[in-house]
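J.: Just add 32 to wherever you are in the sequence shown, counting from 1, and you've got the working numbering. Sharing a structure below in structure tokens format, with a few things to ask.
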Amino acid sequence: MKIDPELLEGLMQIAFIAKNEGHLHEAESIFEVVSIFKPDSAYPCIGKAEVSMHRGMLEKAVAILRNAPMQDLKERELCRCYLGKALKLSGYYKEAQKILNDIKDNGTYDIAKEYAQELYETDFSVFF
Numbered sequence: 033m034k035i036d037p038e039l040l041e042g043l044m045q046i047a048f049i050a051k052n053e054g055h056l057h058e059a060e061s062i063f064e065v066v067s068i069f070k071p072d073s074a075y076p077c078i079g080k081a082e083v084s085m086h087r088g089m090l091e092k093a094v095a096i097l098r099n100a101p102m103q104d105l106k107e108r109e110l111c112r113c114y115l116g117k118a119l120k121l122s123g124y125y126k127e128a129q130k131i132l133n134d135i136k137d138n139g140t141y142d143i144a145k146e147y148a149q150e151l152y153e154t155d156f157s158v159f160f
């Protein structure tokens, strides 16, 4: 069964909005469905990892991101940003900072570079 790519993109946007509004179960369900139709994409994995982070399941988020498929360099850099975030939240600061520093200094995708810079500078210990 083939699904229109615009529909899948819209579903991803809805899922991220749902996650941000605290509807974690619904968001996770949408990310799961999208991952079925886009098995080679890191984006649904990023979404599932974000849901896991919001639930405090940090090790699960790290595992999801470490095993995420990546179609291109943009996906790789963005996925590694979220991996850095999950690692930092999990207390693996040295590994997280190394990943984030590499992206911000050597990345080619501006969005990922900016996000890596923001995450690199954020002290997540103040959230606990």
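A virtual CB, placed ideally from N, CA and C, is assigned to each residue, including glycine.
1. Grab me the residues of I78's own chain with a C-beta within less than 8 Å of its C-beta, minus the 5 sequence neighbours each way, in chain order.
2. If you check the beta carbons only, do K117 and L151 fall under 7 Å apart?
3. Could you tell me whether the Cβ atoms of I62 and L40 are closer together than 7 Å?
4. May I ask you to report which of helix, strand or coil DSSP gives P37?
5. So, helix, strand or coil for S73, using DSSP?
T.: Result, derived from the coordinates:
1. So the list reads L97, A100, L110, C111, Y114, once near-sequence residues are dropped.
2. yes
3. Judged by beta-carbon spacing, L40 lies beyond the 7 Å limit of I62, meaning their Cβ atoms are not closer than that value.
4. When DSSP states are grouped into helix, strand and coil, P37 belongs to the helix group.
5. coil
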